[in-house]
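Just so we're aligned, residue 1 is where the first sequence starts under the UniProt record's numbering, counting upward by one. Here's the structure we're looking at; comments come further down.
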Amino acid sequence: MKSTLNDLKNRVQAALAGAFGADYRDHDPLLVSTNNPKFGDYQANVAMSLAKPLKSNPRAIATQIAEHLKVSDICEPPSIAGPGFINFKLKTEYLEAQLESMHSSDRLGIATAEPPQKIIVDYPSPNIAKEMHVGHLRPAVIGECLARVVEFLGHDVQKVSHIGDWGTPFGMLIAYLQEAYPDPQAAAEASTSGELATFYRQAKKRFDEDEVFKENARQAVVKLQAGDTEVLEAWKRVCQLSKRSYRKIYDLLSISQDIVDRGESFYNPFLPAVITDLKETGLLVEDNGAQCVFLEGFTNKDGEALPMIVQKSNGGYNYSTTDLAALRYRINEDQADRIIYSTDAGQSNHFAQIFQVARRASWVPENVDLSYAPFGLVLGEDGKRLKSRSGEAVPLKELLDEAIARTRTDVENRLTAEERTESDAFIQNVAEKVGIGAVKYADLSQNRVSDYTFSYDRMLDLKGNTAPYMLYAYVRVRGISRKGEVDFAQLDAQMKLTEESEFILAKHLLQMDLVLDDVERELLPNRLCQYLFELSQKFNQFYDRCPVLQAPEPIRTSRLVMCDLTARSLKLGLFLLGIDVLERM
RNA sequence: GGAUCCUUAGCUCAGUUGGAUAGAGCAACCGCCUUCUAAGCGGUCGGUCACAGGUUCGAGCCCUGUAGGAUCCGCCA
């Protein structure tokens with residue numbers, strides 16, 4: 001199925017070439033959707049921009065372009081308005097035909113990327129010795145969404161979690177495991193059934209109260225890095241324990257199963273080469289015993305170039321070294337065409353530095369795209385970084401459980417008010433899907449780069465740009481299918497658009513491909529949220545004004561197809577956001 | 001001292017390569033359920049796009065400066 005925008009673009013370009021010569025064959029026609037329906041559906045703004053080079057007035061240019069346009073199969077005759085806008089209004093038959101081919105496509109007529117790229121998508125990088133907290137919410141939700149979008153568009157996606165699995169906090173857990181479960185059998189059992197949070201709390205307690213334990217923990221780190229077999233065994237147990245705990249939360253959040261964990265331990269063998277290769281490029285400088293690369297455009301208080309330390313004076317490596325090793329691995333071993341880094345905006349300096357060093361070392365080929373997608377902080381309602389009462393980061397589990405509990409209360413109240421009775425399993429499922437969906441949607445629906453204020457009341461609002469509103473729109477469509485006992489998939493699409501609200505909905509349905517391209521390019525999930533919110537609104541208007549099941553044929557079938565396309569678009573869109581739909585709620 | 005991001009309606013936010021009259025939601029107020037779930041729809045109210053210059057046929061968007069806010073800055077990640 002052809003994209004209307006691209007199709008029209010090509011035709012305006014052809015008209016440009018016809019009017020002003022072959023040089024204009026590839027000229028950007030500045031074709032965009034109109035922001036006001038009275039100007040039609042699309043407008044070309046190119047005439048104004050050509051006024052100066054062609055030394056003519058824009059309206060005359062627009063007229064010349066219009067004379068060469070061949071668009072009668074798609075649009076009404078184009079009109080010229082204002083200073084020189086060329087306006088296009090799509091023909092009804094064209095819209096109907098587009099809807100029919102969309103209906104017959106199992107991916108709603110959305111084309112796959114050509115050529116597909118190998119894309120690495122970042123997932124959260126927690127220190128896995130600790131329980132997941134609110135700081136991991138955004139990278140999980142955003143990473144999952146970006147991965148699903150580029151995957152749907154046909155790219156080969158590798159999901160990577162750059163976990164912290166080698167540092168000091170591990171010494172504490174290893175020492176605790178060895179102390180509390182000296183018997184290997186018991187240790188194995190504890191790591192397959194225990195809770196990471198409990199483990200961490202108890203280990204921390206021991207660490208704070210006992211000097212001997214503290215020393216044991218330090219020794220454990222040293223032994224671990226020296227490759228001591230027993231300690232390595234204990235370390236593996238702790239990693240397993242973490243993985244299980246993390247998976248539980250990821251499952252609750254519907255985060256992909258196929259994430260690859262590559263942490264500090266994974267990159268250990270590659271760290272020395274980072275230093276030796278940097279040395280070869282001549283970028284490496286020794287300063288106060290540390291190996292550094294002096295940066296361009298980053299200065300200290302005295303205006304001197306700032307170093308990026310890649311090897312500490314004690315010979316140890318740090319996060320810059322690991323990030324450089326990871327970048328190299330992704331390019332050389334994974335053969336990535338595009339690497340999507342998504343971290344909190346506080347690390348943008350750090351990544352700008354990493355990218356600079358990698359580029360200056362010529363480690364990044366021309367055709368590899370390093371996409372940096374920073375995100376803002378999660379704030380509490382006081383406008384400050386979200387913290388628990390005790391000042392610690394809020395555990396993610398608590399945050400999500402609270403959202404589910406609040407949703408459950410809402411659902412129960414509504415059921416009582418409507419005198420409906422539903423099973424406990426039904427209520428719990430709705431509470432989970434709506435509650436988790438609301439948390440994710442609240443995060444994704446805002447511009448990624450800005451900080452956002454976490455508010456249960458706002459995200460669980462049944463009205464407005466929220467997950468519940470959209471999930472309800474989906475439920476309404478499914479209700480029509482149930483009530484009318486219509487199998488949407490079996491419909492023979494013969495479209496017949498009549499009412500204004502049908503046209504509005506139809507035109508919106510046909511623009512999902514543009515939105516996904518936009519998300520792929522800009523890495524802004526809120527564009528997709530905006531699209532889905534508008535789709536829900538437009539469907540609700542259609543639902544309000546156009547009876548479906550009672551309508552006479554052929555209108556009835558046509559409207560049923562509209563319902564089906566809306567349902568499938570909502571379902572796909574929400575899926576790409578990582579949100580599950582419900583049939584009833 | 002430097003770097004990055006931000007400042008749009010009372011509140012929370014959109015605003016797509018610069019395009020026609022700057023948009024939503026919430027809150028407030030007024031309407032609409034014998035008809036597919038009213039968790040819905042329609043309407044009213046609400047703006048010096050932080051400020052000042054500049055570029056342009058055209059600026060919320062690009063450039064410069066100012067004010068305010070957030071985050072980060074040599075051996076933590």
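C-beta: ideal position from N, C-alpha, C; glycine also.
Counted within 10 angstroms of its Cβ, other Cβ atoms place residue i as buried (16 or more) or exposed
i, result
"aspartate 323", "buried"
"valine 32", "exposed"
"aspartate 564", "buried"
"aspartate 443", "buried"
"alanine 226", "exposed"
"leucine 505", "buried"
"valine 222", "exposed"
"alanine 15", "buried"
"glutamate 553", "exposed"
"leucine 462", "exposed"
"lysine 159", "buried"
"aspartate 369", "exposed"
"arginine 201", "exposed"
"serine 423", "exposed"
"lysine 507", "buried"
"valine 260", "exposed"
"threonine 299", "exposed"
"glutamate 209", "exposed"
Own chain residues within Cβ distance below 6 Å of residue i, not counting five before or after
i, result
"proline 58", "Ala47, Met48, Ala51, Pro83 and Gly84"
"isoleucine 427", "Val411"
"residue 608", "Since the first and last residues shown for the chain are 1 and 585, residue 608 lies out of range."
"alanine 493", "Glu100, His103 and Val561"
"serine 348", "Pro374"
"alanine 336", "Lys118, Ile120 and Arg330"
"phenylalanine 454", "Val378 and Leu386"
"threonine 566", "Val477 and Phe539"
Beta-carbon separation (whole angstroms), residue i vs residue j, contact threshold 8 Å
i, j, result
"isoleucine 436", "leucine 253", "6 Å"
"leucine 577", "cysteine 529", "7 Å"
"phenylalanine 199", "leucine 173", "6 Å"
"serine 242", "alanine 147", "In fact, because the Cβ distance is near 21 Å, the residues do not count as touching under 8 Å."
"alanine 186", "leucine 153", "Between leucine 153 and alanine 186 the Cβ distance is about 49 Å, and since that is not below 8 Å, they are no contact."
"alanine 393", "histidine 133", "4 Å"
"serine 536", "methionine 470", "5 Å"
"glycine 289", "serine 265", "Glycine 289 to serine 265, Cβ: 26 Å. No contact."
"isoleucine 555", "threonine 498", "7 Å"
"glutamate 583", "arginine 478", "5 Å"
"residue 586", "leucine 532", "Outside the shown range of the chain, which is 1 to 585, sits residue 586, and nothing can be said about it."
When the options are compared against residue i, the one with the closest alpha-carbon
i, options, result
"cysteine 75", "His68, Thr63, Met102 and Asp41", "Asp41"
"aspartate 165", "Leu560, Glu114, Glu151 and Tyr319", "Tyr319"
"histidine 350", "Tyr329, Tyr372 and Asp337", "Tyr372"
"leucine 108", "Ser455, Val561 and Asp7", "Val561"
"arginine 192", "Trp235, Glu211, Glu179 and Arg244", "For clarity, residue 192 is threonine in the given sequence; the question names arginine instead. The residue with the shortest Cα to Cα distance from threonine 192 is Arg244."
"phenylalanine 503", "Leu400, Ser390, Tyr94 and Arg482", "Tyr94"
"valine 274", "Asn127, Gly194 and Asn332", "Asn332"
"valine 238", "Glu485, Ile259, Thr276 and Gly167", "Gly167"
"isoleucine 579", "Phe533, Glu534, Glu286 and Lys440", "Lys440"
"leucine 524", "Ile128, Asn447 and Glu280", "Asn447"
"leucine 570", "Pro124, Val475 and Glu280", "Val475"
"alanine 188", "Ile142, Ala551, Lys236 and Thr343", "Lys236"
"methionine 1", "Leu8, Tyr24, Ser105 and Ala62", "Ser105"
"aspartate 251", "Lys433, Met308 and Arg545", "Lys433"
"asparagine 35", "Val364, Pro269, Val357 and Phe88", "Phe88"
"lysine 496", "Val141, Ser558, Asn300 and Thr343", "Ser558"
"serine 342", "Val157, Phe488, Pro269 and Gly143", "Gly143"
8 Å CB neighbourhood of residue i in its chain, flanking five on each side removed
i, result
"valine 12", "Pro29, Leu31, Ala44, Val46, Ile65, Leu69 and Ile86"
"leucine 284", "Ile275, Leu278, Gln291, Cys292, Val293 and Val310"
"leucine 137", "Val378, Leu396, Leu399, Val439 and Asp443"
"serine 56", "Leu50"
7 Å Cβ shell around residue i - same chain, five flanking residues per side excluded
i, result
"alanine 220", "Gly171, Ile174, Ala175 and Val231"
"leucine 196", "Glu131, Leu241, Ser242 and Ser245"
"alanine 431", "Ile404, Thr407, Arg408 and Val411"
"aspartate 518", "Arg527"
"tyrosine 181", "Ala187 and Ala190"
(request) Ignoring anything shorter than 4 residues or poking outside the stretch 497 to 554, list the alpha helix (DSSP H) runs there in chain order. (result) 500 to 509, 512 to 522 and 525 to 545
(request) Mind listing, in chain order, the continuous alpha helix (DSSP H) runs of no fewer than 4 residues lying wholly within the stretch 92 to 145? (result) 92 to 104
(request) Jot down the residue ranges of each uninterrupted alpha helix (DSSP H) in the stretch 238 to 279, minimum 4 residues, whole runs only, in chain order. (result) 264 to 267
(message) List, from N- to C-terminal side, the alpha helix (DSSP H) runs of 4 residues or more that fit wholly inside the stretch 275 to 352.
(response) 319 to 332
(message) My parser needs the alpha helix (DSSP H) runs of 4 or more residues fully inside the stretch 433 to 489; what are they?
(response) 456 to 459 and 467 to 483
(message) For a minimum of 3 consecutive residues, which ranges assigned as the beta strand (DSSP E) are wholly contained in the stretch 18 to 104?
(response) 31 to 33, 42 to 44, 79 to 81 and 85 to 88
(request) Could you name each continuous beta strand (DSSP E) segment of 3 residues or more that falls completely within the stretch 153 to 222, going from the start of the chain to the end? (result) 156 to 161
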